Every structure is written in structure tokens, then in C-alpha cells.
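As given, the protein sequences belong to chains H and X, one line each in that order. So for the first sequence, UniProt numbering puts the first residue at 1; every next one is plus one. So for the second sequence, UniProt numbering puts the first residue at 1; every next one is plus one. Ideal Cβ positions, reconstructed from N, Cα and C, are used throughout, including at glycine. Model, not experiment: these values are computed from the prediction. Inspection log for the structure reproduced underneath, given as C-alpha cells.
There are 2 protein chains.
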Amino acid sequence: MHTHTAPVRRTQVERCCWPSSLRLLTVCALIAGCSAADTDITLDAKATLNHRIQSLDLLVFVFLLALTVLTIWLFKHHRVSWLHETGLAVIYGLIVGAIIRYAGTNTTLVHMQVEPQGIPTYNAKLPPDTLWFKYPVNQTNATKLPEGVKTYAYVFRGQVYDIEENEIDLKATFDPEVFFNIILPPIIFYAGYSLKKKYFFRNLGAILTFAIVGTTLSAFLIGGVMYGCVKLMPNYLSSSFTFLDTLYFGALISPTDPLTILAIFHDLHVDVNLYALVFGESVLNDAVAIVLSGAIQNYGEHYSNTGEFETTAFLRSLSDFFCIFFLSLLIGAVMGCFTALLTKFTRVRDFPLLESALFVLMSYSTFLLAEATELTGVVAVLFCGICQAHYTYNNLSEDSRQRTKQIFELLNFLAENFIFSYIGVSMFTFPKHHFDAGFIITAFICAALGRAVNVYPLSWLLNIKRKPKISSNFQHMLFFAGLRGAMSFALAIRNTVSDARQTMLTATSLIVIFTVIIQGGAANFFLNWLKIPVGVDDETEQLNNYQVHSDVEGGGGGRGKTRLSSGADSNLDTPLDGNAATATIAAGGRRRNSHEKAILARIWGNFDTKYMKPLLTHSRPTLLETLPVCCNPIARLLTTTQQLTQDGSEFRRVDSDSDICIDNDTGNGLSQDGLGVGRRNSINRMEILEHVQSPVSTRIRLLGFYGKKL
Amino acid sequence: MHTHTAPVRRTQVERCCWPSSLRLLTVCALIAGCSAADTDITLDAKATLNHRIQSLDLLVFVFLLALTVLTIWLFKHHRVSWLHETGLAVIYGLIVGAIIRYAGTNTTLVHMQVEPQGIPTYNAKLPPDTLWFKYPVNQTNATKLPEGVKTYAYVFRGQVYDIEENEIDLKATFDPEVFFNIILPPIIFYAGYSLKKKYFFRNLGAILTFAIVGTTLSAFLIGGVMYGCVKLMPNYLSSSFTFLDTLYFGALISPTDPLTILAIFHDLHVDVNLYALVFGESVLNDAVAIVLSGAIQNYGEHYSNTGEFETTAFLRSLSDFFCIFFLSLLIGAVMGCFTALLTKFTRVRDFPLLESALFVLMSYSTFLLAEATELTGVVAVLFCGICQAHYTYNNLSEDSRQRTKQIFELLNFLAENFIFSYIGVSMFTFPKHHFDAGFIITAFICAALGRAVNVYPLSWLLNIKRKPKISSNFQHMLFFAGLRGAMSFALAIRNTVSDARQTMLTATSLIVIFTVIIQGGAANFFLNWLKIPVGVDDETEQLNNYQVHSDVEGGGGGRGKTRLSSGADSNLDTPLDGNAATATIAAGGRRRNSHEKAILARIWGNFDTKYMKPLLTHSRPTLLETLPVCCNPIARLLTTTQQLTQDGSEFRRVDSDSDICIDNDTGNGLSQDGLGVGRRNSINRMEILEHVQSPVSTRIRLLGFYGKKL
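Given below as C-alpha cells:
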């Protein structure tokens with residue numbers, strides 16, 4: 001519930017509408033005459049200068065991004081693997097930040113202490129929204145004519161905490177809220193939109209455990225250990241930190257970043273289930289962390305009077321956490337489904353431009369709707385993205401599919417690189433850093449500890465029930481993949497009011513920079529060291545290839561994006577392609593019997609295929625077949641002609657995701673042991689081919705959950 | 001030079017960072033206790049509320065846009081032609097604006113008059129950037145403890161003009177600068193990027209005359225006539241308007257809007273030269289108008305002391321106008337060419353995502369660079385767009401071509417519909433409207449008059465030298481196509497300080513609404529009435545079709561976009577397709593002999609083909625062939641291997657634009673009379689086919705401007 005997190009404090013005077021290089025202008029002003037017209041002109045010039053400075057600030061970042069893009073190309077061109085693109089962005093950011101810091105001129109704000117004119121008649125609890133201020137102040141310059149005096153408006157910004165600090169440096173820094181309202185939404189939406197649903201749902205239990213239980217556990221552990229350590233420190237820190245502060249730190253440092261590690265996994269075609277675990281967890285734990293930190297903030301500010309543990313306050317925070325998380329999820333899902341309905345029941349797909357516009361507008365309105373109802377826009381947008389990919393995507397025209405994928409891919413790329421550049425730049429330019437070596441070292445240790453607590457005990461717990469165990473190599477890789485990223489930084493920079501918060505920001509920035517550069521760079525090495533299979537083409541793609549071979553008009557739609565950014569890397573998997581499936585299966589016995597499949601995923605899969613997909617997309621079976629006979633009139637209304645008239649291959653293509661998932665599971669049920677891997681594999685391929693060639697009958701045979709004849 | 005246009009005045013208190021519904025909160029505050037913590041919580045709640053209100057404001061517009069999209073689809077689906085999409089956006093905007101106005105709650109700002117605390121030591125010419133204000137004010141409440149007092153920061157906003165007006169209504173209104181920094185750039189860039197270069201350059205002389213001379217003429221005429229009329233009016237208006245005000249009005253009402261009319265032209269496949277004239281003019285006159293209005297503003301504020309005519313001040317404004325226009329043009333062109341070089345000499349095209357990102361970043365940095373150097377970003381972005389389309393586009397990978405086209409098409413669509421919705425909404429919600437029937441009627445008449453002066457005398461003048469005359473039907477259509485749109489509105493809402501400016505805003509809004517709805521809706525009818533040929537497929541597309549037939553791998557690149565949004569309309573041109581070319585030629589004898597071709601376009605065309613394209617793209621001839629022998633080492637450096645090794649069809653495809661232009665001109669040189677139209681047409685087609693089959697030799701024969709053997 002981030003809208004509650006004390007915006008008043010956090011906005012403070014960090015970024016103002018009129019940052020200025022006033023010194024220069026003051027000199028100009030003193031040289032020039034003193035008439036009112038002159039003041040106007042000077043003000044005008046100052047405003048122009050401000051606009052120029054703002055443009056320059058942005059220009060610095062845009063050039064930085066362009067430079068990053070070119071260097072990424074160079075690195076990819078020369079197959080450099082020891083430094084990833086996000087690491088590169090951070091390093092460039094650090095360099096530019098240092099230049100701005102040590103070579104740039106200071107821009108400072110001049111302030112003046114004021115009091116109400118005459119006897120104030122305004123007695124409301126809140127300070128007024130605007131102050132009206134006459135300037136030049138005429139009582140001191142009695143010689144000045146009153147007509148030279150003008151009234152200026154000043155707008156409320158927030159509380160001033162550090163009254164001694166009378167000038168504020170303003171260098172390339174942005175309002176932290178920019179991250180939550182502009183940078184994060186496209187990243188998170190794209191994460192949802194590009195989720196590989198099959199493996200996500202197959203590993204749903206593990207992912208949810210890691211994301212929800214793990215993140216909370218990690219947050220509390222880090223919070224507790226940090227609190228203990230801080231209290232042991234001899235310096236002033238021990239007094240400035242409360243347990244809520246360290247808990248907040250635990251919540252913000254727990255989420256792992258999906259970007260860097262997944263880009264590497266994706267380039268290397270790492271094992272799909274590991275990919276799904278890492279991706280699913282890191283996407284969801286971002287959502288958990290933002291809601292959790294909001295709840296902690298609320299606990300401290302609204303519910304608890306003492307800052308100590310209080311049962312009522314704790315329960316209120318807990319209910320906050322769940323309410324906000326699930327309501328945000330609901331809004332996202334509902335808006336996604338609504339978009340699916342719109343695209344299903346109108347023929348807007350005849351006009352791809354309109355269709356894409358509608359898609360973008362509906363997705364953005366999900367964010368706004370959640371924010372307007374005091375929920376968390378980022379969480380809503382994530383689940384909206386998942387629903388859009390799962391349902392709406394199937395209804396879109398080919399053109400819109402490509403367009404929306406490409407647009408969000410580009411937005412995601414730009415936003416991601418921007419935030420990492422900014423993390424680098426802000427290390428030098430952001431005025432609220434507070435370095436404390438002891439805290440930073442403790443934070444590093446605790447971050448690793450938190451990650452370990454997230455991965456190992458939960459893996460052990462999951463492995464009890466889970467037949468295809470999460471192997472210890474996978475566990476190490478999960479631990480190692482715990483880079484910290486955009487979300488941690490955004491949460492840390494949002495609130496830099498107190499010393500404690502500033503120390504936390506510095507530690508968070510350093511952890512992000514370190515993990516992204518070092519862990520991100522060493523990911524390749526670790527993958528080799530842990531013998532994680534790479535060069536694994538996931539089965540969807542294999543299947544699609546078969547489908548394309550046997551049936552030219554099928555498939556194709558979903559694969560456009562996957563290959564986009566891996567042009568030069570595609571030969572990496574060529575030598576391995578022959579035994580790719582073998583490697584996949586040898587990796588850790590991930591295949592599961594249908595009866596061993598997570599019950600949650602199973603129930604959902606059935607419901608989805610029987611009711612949701614027929615309702616929201618053009619897929620078969622239609623609602624006419626899945627609903628009881630008494631509901632036929634309604635079912636007929638909700639079934640389009642296209643749905644009734646399409647042939648098998650179309651229907652096959654549309655909901656290929658869940659089909660393949662279920663088909664594979666059923667197909668593999670017969671041989672679960674480690675033997676006969678090659679044979680099983682070939683059986684799979686044969687079965688897949690067979691399914692493609694006679695999809696409808698196969699489907700009936702395999703799924704068998706409805707008895708009607710098509 | 002819009003950065004000079006008195007931002008201090010215009011920002012006034014129109015939109016603040018914290019618009020609030022304070023009344024409700026004040027009540028809450030009075031009920032609650034009075035401790036400092038309570039104030040914090042109330043401030044917090046207020047900030048949250050503000051965030052919610054902002055989100056809601058945006059949500060209203062996003063839903064409005066989604067609704068517009070759906071209705072547009074419905075209209076297109078049912079072939080409704082009497083109301084265009086922009087008209088629809090305006091109408092929806094008006095409805096929603098009225099609802100907000102009459103059903104919404106008031107949100108007002110509370111202000112307090114303040115003075116410096118103690119004896120002010122601050123004597124600079126400018127008011128301070130921030131005021132620090134202690135609240136609650138403790139000297140009046142002596143009973144209150146000093147620790148309850150907090151210091152709040154207030155940020156400078158601008159001058160207050162209307163001191164009587166003590167509460168300001170704040171309903172869904174945006175900072176006018178949003179238009180110049182966010183909404184207009186993508187629209188203008190897309191206009192440049194999607195310009196049909198062939199016809200644009202062919203009609204360059206006429207377009208430049210209409211855009212530069214015509215717009216200036218129209219601005220001064222409207223300014224003069226309006227001034228005369230206003231002075232004749234009996235009411236207070238005559239005293240509040242200066243000549244500079246009416247001249248500014250002339251400058252802002254002169255530019256015509258490219259969006260609506262061209263969407264109609266495009267759907268109907270109207271005659272290509274008329275299309276080029278209208279498009280080229282309306283795109284360029286936006287650029288002229290923004291620079292012109294900036295120069296007028298500067299004249300009044302900086303150069304002239306009296307507001308009357310002064311030669312020096314006039315000349316300074318004039319030089320401002322030309323400097324800013326041409327420097328902005330230069331920056332745009334240079335950045336466009338730089339991007340072309342980047343994409344030519346790196347292999348970034350191997351990674352389409354990186355390439356698209358680079359393209360977007362470079363285009364955006366053009367805007368920022370121009371703004372940072374006090375030039376006009378919108379103008380720079382226009383010419384950047386033209387260069388990107390002319391050079392960079394040819395270097396891009398197929399994937400990036402499509403992606404950039406699609407992204408900017410979508411951005412353009414959204415921005416365009418947003419601005420028209422906003423025009424409708426702001427009619428009711430913007431607090432600075434000032435209705436004056438006399439002024440509005442005069443403004444309508446003057447706008448029509450200005451357009452007439454722009455079109456008819458200049459057409460007459462152009463027709464003296466121009467062999468293929470601009471027929472009187474075309475002139476009427478040009479006159480009629482003078483809708484006013486986004487640029488006029490943005491310029492009008494930018495500055496609403498005085499009564500005069502507010503009256504101008506109201507008149508401008510009404511003119512925009514009227515022309516977009518009525519003229520836009522009647523465009524079809526007028527096209528029929530004036531017997532303008534519609535359903536004309538332009539020759540590029542015809543040629544491309546032939547190229548595709550004869551040579552599968554050629555062509556294709558440039559046509560992706562053209563067809564995107566005209567899916568259901570494409571059958572419109574099917575019945576006409578057979579005699580399309582006939583109709584085109586019969587329309588007004590637009591074809592020209594090569595020796596009659598505008599000298600300007602001719603010189604540029606030669607220079608472009610000989611030096612610019614070889615340098616900036618992979619096209620043939622290479623610089624090795626066009627530069628003198630002494631420059632061979634440099635030429636070799638600037639020529640890529642791809643350029644040297646590519647075959648004819650590739651080279652053909654790359655610079656098809658200028659080729660076709662020159663080929664056609666030469667081909668048609670032999671029969672200029674009205675007879676033998678059918679035969680000429682068939683000759684053209686034969687020649688085109690021949691060119692495609694042996695492009696290199698044909699090219700040498702036809703152009704013959706360099707003697708070397710390929």
C-alpha cells in the first residue's frame with residue numbers, strides 16, 4: 001500500500017519544480033537595474049534556465065542510454081559474457097555520476113523564513129496549500145515604489161527536517177515517485193506479459209512458497225538480525241534505528257531482481273524449470289515486497305503508538321497486507337479479463353492500430369485504477385499482464401500481437417536500463433546518501449543470509465512433498481540468482497527522511513550495484529560450475545517447430561518475441577540441440593506424474609480450460625460444451641461464431657499453452673524412473689506429432705473431462 | 001523560441017503539485033485532536049488523496065480514450081463517414097468535461113499571505129526559490145507547545161495576478177507545458193517520419209511558399225484585422241488588447257492541423273499531390289507558427305519598450321525567427337544524419353531491439369538537445385523525423401522498420417486523441433476561459449479570411465511559374481482543409497495571464513472544435529462536391545506491386561505502415577484501381593517535365609543522391625563513384641562492404657524514393673498534353689518494369705550524372 005508511505009516526508013525538498021543556478025543570476029540581477037520589468041525579465045530568464053537544466057538532465061540520461069545500447073551491441077558482437085548489460089548500465093551511470101559530482105556546477109536553492117502577514121485568520125490543522133508572498137519586501141526598502149512589488153505564489157512541498165542545512169544541492173536527481181509511476185509499471189507489466197505460463201503454472205506451488213513465505217521470512221530474519229547488529233554498534237546508529245526501520249530494510253532488500261539473471265538465462269537457454277522458478281519467484285516477490293513494505297510503514301505510522309509490538313496493530317498490518325495484495329491482484333485480473341472480453345466480442349481486431357491502442361489503454365488504466373483506489377498499481381499491473389498474455393493475447397490479430405510484444409519489450413528495455421543507469425548516477429549525485437561501513441557490511445551479510453533462508457529451508461520443505469526434487473545444484477543457483485535490483489532501490493529511495501533511511505539507501509544502492517555487476521557477471525561461470533544444463537530449448541519451441549513442419553499455418557504466434565534479441569546467440573544452442581531434450585530430462589527429474597502434479601495447478605488448469613478460456617478467448621471447447629445444459633442460452637450468447645466455426649488447428653494453436661502442459665504430463669506418466677530417457681523422449685516427440693496431426697481426437701482421449709462429441 | 005514565452009506568467013497557479021480537496025480534510029482535521037502526530041497523519045492522508053485524485057484525473061482521460069477507440073471501431077465497422085475520429089474525441093471530451101464541471105466536487109486551493117520573518121537579510125532581485133514556513137503559527141496560540149510547530153517548505157510557482165480571486169478551482173487540467181514536452185513531440189515526429197518524401201520534394205516550392213510566406217501573411221492579416229475589429233468594439237476588450245496580442249492570436253490561429261483531414265484523405269486515397277500539399281503545408285506551418293509566436297512574444301517582452309513598432313526590436317525578432325527556425329532544423333537534421341551514420345557503420349541491426357532503442361533514444365535526444373540549447377524542440381523533432389525516414393530507415397533491419405513505424409504510429413494515435421479529448425474537456429474544466437461573443441465571431445471570420453489569404457493569392461502566384469497549375473478545385477479544397485488543431489490550442493493555453501489571452505483561448509478552443517467536427521465531418525462531402533479524385537493509389541504503391549511481382553525480394557519495406565489502418569477500407573479502391581492512374585493524371589496535369597521541375601528540388605535531389613545517400617545509407621552509387629578521385633581514401637572509409645557487394649535489387653530498394661521520382665519525371669517528359677493518357681500510363685508501367693529488371697543500367701541511362709562504370 002505504497003500510497004500511504006508518508007509522501008509528505010519523502011518529498012521533502014528533494015526535487016523542486018525550479019532547481020536553479022541562482023548564483024549566476026543573482027550576480028546578473030545585481031548588475032542590472034531594479035525596475036519591476038527587470039525582475040520579470042530575470043524571472044523569465046531563470047525559468048528558461050530551469051527548463052534548459054531539466055532538459056540537460058534528461059539529455060544526460062538519454063545519451064547514457066544510447067551509449068549503453070551501443071556498448072551492449074559491441075559486447076554482444078564480440079561475445080563478451082563477463083559483464084551483462086545491466087551491469088554495464090550501472091558502471092556507465094557511476095562514471096557519469098562521478099563526472100557530474102566533481103565537474104558540475106552546484107545548483108542550490110535559496111530559501112527564506114516567512115511568517116503570516118498581520119494576524120493570521122487561518123486556523124486549520126493543515127498548513128495552507130499556497131503561500132502568497134510580496135516581493136521585493138517593501139518595508140526594508142522604503143524608497144521603493146509600491147508598484148514594484150509583486151505577489152508570488154509558493155506551493156506546498158513538504159516538511160523540512162534538517163533546518164541547519166540551508167542550501168540544497170540539486171543535481172541530476174528525479175522525484176522517487178517517478179520510479180513507481182513511470183519506470184516500474186512497464187517493467188512489471190512486461191514481466192507478467194512475457195511469463196512462460198506453462199512452466200509457471202507447473203511450478204506454481206514452489207513459486208508461491210518462495211515468493212510469499214520466503215520473502216516474508218527473509219524480511220523478518222534480516223530485520224531481526226540487522227536490529228541486533230545495529231544495537232551492538234557503538235556509534236550513533238544504534239539510537240537512530242528502530243526495529244521497524246530494520247524490518248523495512250529487510251522487506252526492501254528481500255525481493256530479487258528478475259532482469260539481469262533472466263536475460264542471461266534466456267541468452268543461454270538454461271533449463272526451463274529453473275528459469276520458471278527464478279522468474280516466477282522474482283516477479284512475485286517484487287509484488288510481495290512492495291505490499292509488505294507498505295504494511296510495515298503503515299504499522300509504524302498509523303496503527304502503532306509506541307513503535308513496539310502491539311497485537312492489534314500487527315493484525316491490522318497483516319490484514320492490510322493480504323487485502324491490498326489480493327485486491328490488487330483482483331483488479332489486475334479483472335481488467336485483464338475485461339480486455340479479453342472486449343477483444344473477443346468486438347471486431348476491433350480488424351483495425352490493429354485501434355486494437356493495440358485499446359490494449360495499451362486498458363493495461364495502463366489498470367495501474368491508474370489500482371492507484372486511485374489506494375491499492376498497489378505495480379501488483380495490479382503484474383497480474384493484468386499475466387491475464388493479458390493468457391487470454392487477450394489469443395484474441396488479438398497477428399499484427400497487434402507483434403506490436404504489443406515489441407512495444408512493451410522496448411519500453412521494458414528502456415525503463416530497465418534507465419533505472420540501472422540512475423542507480424549508478426545517484427550513487428554520486430543523490431544528496432541523501434549516508435555511508436556507514438559497519439552497517440553496509442552487516443547489510444551485505446544479512447542480504448546473503450536472507451536469501452539463504454529463503455532458498456534452502458523452503459527447498460527442503462518443498463522437496464518433502466515434491467517428487468521431482470529441487471536438486472542441490474538448483475538450490476545453489478537459486479541462492480546465487482538472488483540479485484537485488486530495481487524494486488529494492490525504488491523502495492529505498494522513496495523515503496530518505498531520517499539518518500536511518502539514508503544509511504539504508506546507501507547500503508541498498510551498494511548491494512544492488514555489487515550484485516548486478518559481480519553476481520550478474522559471474523552467472524555464466526556459476527552455471528558451468530554447478531553443471532546446470534544450458535542450451536536447452538524449451539519444449540514449447542520444439543513442439544512449435546514440429547507443428548510448423550507438419551502444419552504450416554499453425555503455431556508461430558507466440559514465438560516472435562523469444563528469438564528477437566538472441567540473433568547472434570542462436571548458434572549457441574545449435575551444437576547442443578540434438579541432445580537438448582535428453583539434457584533437460586537428465587537434469588533433475590523434473591517431469592511429474594499427473595497424479596503428482598500440484599493440486600492447486602491442477603484445479604486451476606481444469607477450471608481455466610473449461611470455463612475461463614472458452615469465455616474469454618475463441619478457444620474450444622466452447623461454453624456450450626462445458627456448461628450444464630440449463631445454461632445453454634447464456635452459453636450461446638457468450639460463444640462467438642468464430643469459436644463455433646473454427647477448425648481444429650486453430651483451436652489447437654489458441655490454447656496451446658495449457659494443452660501442452662497437460663499432454664506432456666499425461667504422456668510422461670508411464671515412465672517416471674531415470675531409465676529409458678532417450679526412449680521416452682522419442683515417444684514424446686511421436687506423441688506430440690500425433691497430437692498435432694489429429695488434435696481434437698487426441699485431446700478428447702487425453703483430457704477426457706467432457707463427454708460431448710465435437 | 002517557446003522557452004522564452006514567459007513561463008513565469010503562464011505557470012501562475014494553474015496547476016499545482018498538491019491540488020487538494022481540502023474542505024473535507026479540514027473538517028476531519030477539526031474533529032481530530034491537535035497533536036503534531038495528527039498533523040502528520042492528516043498531511044499524509046491529504047497527500048494520498050492528492051495522489052488518488054491525480055490518478056483519477058488520468059483515469060478519466062484513459063477511459064475516455066478507450067471509449068473513443070471503441071467508438072471509432074464501431075464507426076469504421078459501420079462505415080460512418082460524417083464524423084471523424086478526432087471529432088469524436090472532441091465530442092466525448094465535451095460530454096465528460098460537462099459532467100466533471102457540473103457533477104464533480106470543487107477542489108480548491110487555500111492560500112495565506114506571508115511576509116519575511118524578522119528583518120529580511122535577503123536582498124537579491126529575485127524572490128527566493130523556497131519559503132520555509134512554521135506551522136501551526138505559534139504566536140497566536142500561545143498555549144501550544146513549541147514542539148508541535150513544524151517547518152514546511154513551499155516552492156516558487158509564479159506571479160499572482162488576480163489577487164481578489166482567492167480560491168482557485170482545480171479540475172482535470174494539466175500543465176500546458178505537458179503539451180509541448182510530451183504530447184506534441186511524438187505527433188510532430190511521426191508527421192516527419194511518415195512524410196511521403198517523393199511528393200513532398202516534388203511540391204517543395206509550393207509547400208514552402210504556403211507554409212512560410214502563407215502562415216506569416218495570414219498571421220499578420222489576422223492580427224491587423226482583429227486589432228481593428230477589437231478597437232471598434234464598445235466594451236472593455238478594446239482596452240485590454242494590444243496589437244501584439246492580436247498578432248499573437250494571428251500566429252497561433254494560422255497553422256492548420258494535419259491530423260484530421262489527412263486521416264480522411266488517407267482513408268479515401270485522395271490524389272497524392274493534393275495530399276502532399278496539404279500534409280507538407282500543415283506539418284511545416286506548425287513549425288513556423290511555434291517559432292513565429294515565440295518571436296512575437298519576445299518582441300513584446302524583451303525587445304520593445306513601448307509595445308509599439310520599433311525597427312530595431314522588429315529586426316531582432318525577425319532574426320530570432322530565422323535563427324531559431326534554421327538552427328532547430330539543423331539540429332534535427334544533424335541528429336537524424338548522425339543516427340543514420342550510427343546504424344550504417346555498426347552492425348547494431350543484428351539486434352533489432354537494440355537498434356529500435358537506439359532509434360528512439362536518438363530521436364528523443366534531438367528534442368532535448370534543442371530544448372537545452374533554447375531552440376524549439378518540436379521543430380527539431382520534425383526535421384529529425386524527416387531525416388530518419390529518408391536515411392536511417394534504409395539502414396534499419398526489417399524488424400526495426402516495422403517496430404519503429406508501429407510504435408510511433410501508436411504514440412501518435414494516442415497523443416492525437418488525447419489532445420482532442422482534452423480540448424473538449426478543458427472547454428468546461430479549464431478555469432481561465434473568457435467568453436466574448438463579439439470576439440469569437442470576429443475570430444471565426446478572421447480565421448477563414450486568413451486561410452483564404454494563405455491559399456488563393458499564393459496559389460495564383462505559384463501558378464504563374466508552375467506549369468501544372470494548382471486547379472481552382474484544389475485551391476478550394478486547400479482552403480477547406482484548413483482545420484485548426486493541436487498546435488493552435490497548445491499555443492493558446494500556454495499563456496492565459498491576461499483577459500485578452502483568456503478571450504483568445506476561448507475563441508481558439510471554439511474554432512478548433514468547430515473546424516474539427518464540422519469541417520472534418522464534411523470533408524467527404526466537399527471532396528465529392530469539388531470532384532477531387534479519390535480512390536487513387538499513389539504510384540509508389542503501384543510500383544511496389546510491380547516490383548514484388550517481378551522480383552520477390554525487392555520492395556515491401558516502405559509499405560508496411562500504409563496499409564495498417566485501412567484494412568476494411570481497402571476495398572474502396574478496388575473498383576477504382578483499374579483507372580486509378582488515369583484519374584490521377586486527369587486531375588490537374590500535375591506531372592512535370594524534368595526541365596520544369598523546381599530548381600530547388602532538383603539541386604537537392606542531385607546532391608542527395610550523389611553525396612548524402614551514399615554517405616548515410618547503404619545505397620549505390622557509393623562515394624567511391626561520386627567523389628573526385630583524390631578523395632578515394634576517405635570515400636573508401638565511408639563505404640561499407642555491404643554497399644559494395646550488394647546487388648542491383650538491393651540498391652534499387654534502398655533509395656527507391658528519389659529514383660522513382662526522377663524516373664517518372666523523365667519518363668513523362670515526352671507527352672505533356674492531356675491526350676494519350678492511357679498510353680502514357682502503359683508506357684510508364686512498361687518502363688518501370690524495365691527499370692526493375694535492369695536497374696543499374698537504366699539508372700545510368702536515365703540519370704547520367706556520373707560517368708563511371710559500375
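Distance from the CA atom of residue 251 of chain H to the CA atom of residue 260 of chain H, rounded to whole angstroms, is 21 Å.
Residue 384 of chain X and residue 332 of chain X do touch by the CB rule: their CB atoms are close to 4 Å apart, below 8 Å. Going by DSSP, residue 116 of chain H is part of the beta strand (DSSP E) stretching over 111 to 116.
With a beta-carbon spacing of about 31 Å, residue 247 of chain X and residue 521 of chain X fall beyond the 8 Å limit used to define contacts.
Cβ-Cβ separation between residue 230 of chain H and residue 220 of chain H: approximately 15 Å, too far for a contact (criterion under 8 Å). Ranked by how close their Cα comes to the Cα of residue 339 of chain H, the residues H:615, H:60, H:55 and H:626 have H:615 in first place. In the three-state DSSP reduction, residue 607 of chain X falls in the helix class (H, G or I). Chain H has no Cβ within less than 8 Å of the Cβ of residue 240 of chain X.
Between the alpha carbons of residue 441 of chain H and residue 515 of chain H lies a distance of about 14 Å. Excluding sequence positions up to five before and after residue 192 of chain X, its CB lies within less than 6 Å of the CB of 382, 385 and 386, all in the same chain and listed in chain order.
Note: residue 155 of chain H is bridge-paired with H:130 and X:155 in the DSSP secondary-structure output.
Assignment of residue 231 of chain X by DSSP, reduced to helix, strand and coil, places it in the helix class.
Around the beta carbon of residue 378 of chain X, a 10 Å sphere encloses 16 or more other beta carbons of the protein chains shown; the residue is thus reported as buried.
Around the CB of residue 102 of chain X, fewer than 16 other CB atoms lie within 10 Å, so the residue is classed as exposed. When C-beta atoms of the region 600 to 607 of chain X are compared with those of the region 199 to 206 of chain X, three or more pairs fall below 8 Å, so the two segments count as touching. Distance from the Cα of residue 80 of chain X is smallest, within the candidate group X:433, X:525 and X:150, for X:525. The beta carbon of residue 456 of chain X sits closer than 8 Å to those of 475 and 479, all from its chain and outside the five residues before and after it, given in chain order. Counting only Cβ-Cβ distances below 7 Å, residue 76 of chain H has contacts in chain X at 351, in chain order. Under the DSSP assignment, residue 476 of chain H falls in the alpha helix (DSSP H) whose first and last residues are 472 to 480. In this structure, residue 390 of chain H sits away from residue 503 of chain H, with a CB-CB distance that is not shorter than 8 Å. Distances from the alpha-carbon of residue 325 of chain H to those of H:111, H:97 and H:293 put H:293 closest. Look at the region 336 to 387 of chain H and you find no whole run of beta strand (DSSP E) that is 3 residues long or longer. Residue environment analysis places residue 528 of chain H among the exposed positions, since fewer than 16 neighbouring C-beta atoms fall within 10 angstroms of its C-beta.
Across the set H:634, H:620 and H:631, the C-alpha of H:620 shows the shortest separation from the C-alpha of residue 642 of chain H. For residue 218 of chain H against residue 512 of chain H, the beta-carbon gap comes to about 16 Å, at or over 8 Å, which does not count as contact. The beta carbon of residue 295 of chain X sits closer than 8 Å to those of 1, 317, 318, 320, 321 and 324, all from its chain and outside the five residues before and after it, given in chain order. Per DSSP, the unbroken alpha helix (DSSP H) holding residue 458 of chain H starts and ends at 437 to 465.
Contact annotation for residue 58 of chain X against chain H: 368 [CB-CB distance below 8 Å, chain order]. Distance between residue 269 of chain X and residue 533 of chain X, taken at the CA atoms: about 9 Å. Look at residue 150 of chain X here: in three-state DSSP terms it is strand. The alpha carbon of residue 216 of chain H has as its nearest neighbour, out of H:509, H:238 and H:284, the alpha carbon of H:284. Non-local C-beta neighbours of residue 195 of chain H in its own chain, meaning closer than 8 Å and more than five positions away in sequence, comprise 279, 280, 283, 385, 386 and 389, ordered along the chain. Residue 329 of chain H counts as buried, since no fewer than 16 other beta carbons sit within 10 angstroms of its beta carbon. Under the Cβ criterion (8 Å, minimum of three pairs), the region 461 to 472 of chain H does not count as touching the region 488 to 503 of chain H. Excluding sequence positions up to five before and after residue 359 of chain H, its CB lies within less than 8 Å of the CB of 339, 343, 388, 392, 396, 400 and 404, all in the same chain and listed in chain order.
With a cutoff of 8 Å on beta-carbon distance, residue 483 of chain H and residue 519 of chain H are scored as near each other.
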